[in-house]
Amino acid sequence: QQQVKQSPQSLIVQKGGISIINCAYENTAFDYFPWYQQFPGKGPALLIAIRPDVSEKKEGRFTISFNKSAKQFSLHIMDSQPGDSATYFCAPTGGTSYGKLTFGQGTILTVHP
Amino acid sequence: EAGVVQSPRYKIIEKKQPVAFWCNPISGHNTLYWYRQNLGQGPELLIRYENEEAVDDSQLPKDRFSAERLKGVDSTLKIQPAELGDSAVYLCASSRNWQTNEQFFGPGTRLTVL
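So the protein sequences, as listed, match chains A and B. Residues in the first sequence are numbered consecutively from 1200, following our numbering. Residues in the second sequence are numbered consecutively from 91, following our numbering.
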């Protein structure tokens, strides 16, 4: 899945800190940019998503920033909590890949109390 | 509403044995997906159904994998014969239709091939 690259692979943050995860994509036809959250033993669940007509979307402590020219989008978690410890995946879709989520490799986030 | 149901949750088999996974999607969801998630990786799509029709099976290894969704509701994914490299978590997901971007995932079946 070379067309979607996430960074970092893992991230350790103290409680109350800011977590930032980045996703770079190659397919310019993508037009839906979601982040999924996965806890151990569970399937991924949609956390937040953005369309390319806006540069930022905020839902509670979670914000997506989108940079169309750089073909990148990022997830910011403000005031990170131990309960946010999970694996996060970007999974853009669109164009001829419509309906097919292209998952990144995942970022393991650990929030220490 | 009830979520996506998968069974079994865990399966351990010897190589060359057959195995089957079952999925019941969220009621009213016409689109059903099977993904494979290898350890430490993101899920990869195996097959997508619109009602009972497989509309994208380009990533399904057809020599050993098969799937069906006979009445457009629940679905079965089969591997015969299983190989060591098939050890993974098999995830089922559903969405209201192909135009709906949000996919709802089940808990998955963890397959171990010995």
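Beta carbons: idealized from backbone N, C-alpha and C, even for Gly.
Below 8 Å, can you find three or more Cβ-Cβ pairs linking the region 1269 to 1288 of chain A to the region 1240 to 1256 of chain A?
With a cut-off of 8 Å, the region 1240 to 1256 of chain A and the region 1269 to 1288 of chain A count as touching, because enough Cβ pairs lie within range.
Near-chain B residues of the region 1230 to 1251 of chain A (beta-carbon distance less than 9 Å), N- to C-terminal order
Within the region 1230 to 1251 of chain A, the residues whose Cβ lies closer than 9 Å to some Cβ of chain B are 1231, 1233, 1235, 1237, 1240, 1241, 1242, 1243, 1244, 1245, 1248, listed in chain order.
For residue 1206 of chain A, report the span of its beta strand (DSSP E) as first-last.
Taking the first residue of the first sequence as 1, we reach residue 1206 of chain A at position 7. DSSP places residue 1206 of chain A inside the beta strand (DSSP E), whose first and last residues are 1203 to 1206.
Using beta-carbon positions only, say whether residue 191 of chain B and residue 185 of chain B come within less than 9 Å of one another.
Taking the first residue of the second sequence as 1, we reach residue 191 of chain B at position 101. Taking the first residue of the second sequence as 1, we reach residue 185 of chain B at position 95. Taking 9 Å as the Cβ cut-off, residue 191 of chain B and residue 185 of chain B qualify as a contacting pair.
The beta strand (DSSP E) spanning residue 168 of chain B covers which residue range?
The residue labelled residue 168 of chain B in the question sits at position 78 within the second sequence. Unbroken beta strand (DSSP E) run through residue 168 of chain B: 165 to 169.
Proximal chain B residues relative to residue 1265 of chain A, where beta-carbon distance stays under 8 Å
Taking the first sequence and counting its residues from 1, one reaches residue 1265 of chain A at position 66. The premise fails here: residue 1265 of chain A is roughly 15 Å from chain B at the closest Cβ pair, so nothing lies under 8 Å.
Assuming residue 138 of chain B is part of the beta strand (DSSP E), what are its boundary residues?
Here residue 138 of chain B refers to the residue found at position 48 when the second sequence is read from its first residue. Where residue 138 of chain B is concerned, the enclosing beta strand (DSSP E) stretches over 134 to 140.
is_contact[residue 95 of chain B, chain A] using C-beta, thresh 9 Å
Along the second sequence, read from residue 1 onward, the residue named residue 95 of chain B stands at position 5. Residue 95 of chain B does not count as touching chain A.
If you check the beta carbons only, do residue 170 of chain B and residue 123 of chain B fall under 9 Å apart?
Your numbering for residue 170 of chain B matches position 80 in the second sequence. Your numbering for residue 123 of chain B matches position 33 in the second sequence. No. Outside cutoff.
Per-residue contacts from residue 1300 of chain A into chain B (C-beta, under 8 Å)
On the first sequence, residue 1300 of chain A is found 101 positions in, with the first residue counted as 1. Contact note: residue 1300 of chain A reaches chain B through 133, 135, 193, using a C-beta cutoff of 8 Å and chain order.
Pull up the distance between the alpha-carbon of residue 1288 of chain A and that of residue 182 of chain B, whole angstroms please.
Taking the first sequence and counting its residues from 1, one reaches residue 1288 of chain A at position 89. Taking the second sequence and counting its residues from 1, one reaches residue 182 of chain B at position 92. In a straight line, the C-alpha of residue 1288 of chain A is about 17 Å away from that of residue 182 of chain B.
Exposed or buried, what is residue 1295 of chain A when buried is set at 16 or more other beta-carbons lying within 10 Å of its beta-carbon?
Here residue 1295 of chain A corresponds to residue number 96 of the first sequence, with the count starting at 1. Within 10 angstroms of the beta-carbon of residue 1295 of chain A lie fewer than 16 other beta-carbons, which makes it exposed.
Outcome for residue 1168 of chain A when other beta-carbon atoms lying within 10 angstroms are tallied against a minimum of 16
In the structure displayed, chain A extends from 1200 to 1312; residue 1168 of chain A sits before or after that span and is not available.
Are there any heavy atoms of the ligand GTP lying less than 8 Å away from the beta-carbon of residue 1249 of chain A, as far as the coordinates show?
The model on display carries no ligand, and the ligand GTP is accordingly not part of it.
Local conformation of residue 1283 of chain A per DSSP, three classes
What you label residue 1283 of chain A is simply residue 84 of the first sequence in a count that begins at 1. Of the three classes helix, strand and coil, the one that applies to residue 1283 of chain A here is helix, per DSSP.
Straight-line gap, residue 1299 of chain A to residue 136 of chain B (C-alpha atoms, nearest Å)
Here residue 1299 of chain A corresponds to residue number 100 of the first sequence, with the count starting at 1. Here residue 136 of chain B corresponds to residue number 46 of the second sequence, with the count starting at 1. One C-alpha to the other measures close to 10 Å.
Report the neighbours of residue 138 of chain B on chain A: residues whose CB is nearer than 8 Å to its CB, in chain order.
As a position in the second sequence, residue 138 of chain B is number 48, starting the count at 1. The answer, in chain order, is 1298, 1299.
Among B:200, B:187, B:158, B:134, which residue has its Cα nearest to the Cα of residue 142 of chain B?
Translated into positions along the second sequence, residue 142 of chain B becomes position 52. The option with the nearest alpha carbon to residue 142 of chain B is B:158.
Residue(s) in a DSSP beta bridge with residue 1266 of chain A:
Residue 1266 of chain A sits at position 67 when you count from the first residue of the first sequence. Paired residue(s): A:1271.
Within 9 Å of any Cβ in chain B, is that where the Cβ of residue 1282 of chain A sits?
In the first sequence, the residue the question calls residue 1282 of chain A occupies position 83. By this cut-off, residue 1282 of chain A is not an interface position.
Hey, is residue 1288 of chain A's beta-carbon within less than 9 Å of any beta-carbon in chain B?
To locate residue 1288 of chain A, count along the first sequence from 1; it is residue 89. With 9 Å as the cut-off, residue 1288 of chain A counts as an interface residue toward chain B.
List the residues that DSSP assigns as beta-bridge partners of residue 125 of chain B.
Within the second sequence, numbered from 1, the residue matching residue 125 of chain B stands at position 35. The partner list for residue 125 of chain B (beta bridge, DSSP) reads B:135, B:181.
Minimum Cβ-Cβ distance from residue 1200 of chain A to chain B less than 9 Å
For the purposes of this step, residue 1200 of chain A is taken as residue 1 along the first sequence, with counting starting at 1. Any answer about residue 1200 of chain A is weak, because its pLDDT of 44 lies below 50 and its placement is not dependable; what the coordinates show is given next. Between residue 1200 of chain A and chain B, the shortest Cβ-Cβ separation is below 9 Å.
Looking only at C-alpha atoms, which of A:1290, A:1218, A:1235 sits nearest to residue 1279 of chain A?
Here residue 1279 of chain A refers to the residue found at position 80 of the first sequence. The residue with the shortest Cα to Cα distance from residue 1279 of chain A is A:1218.
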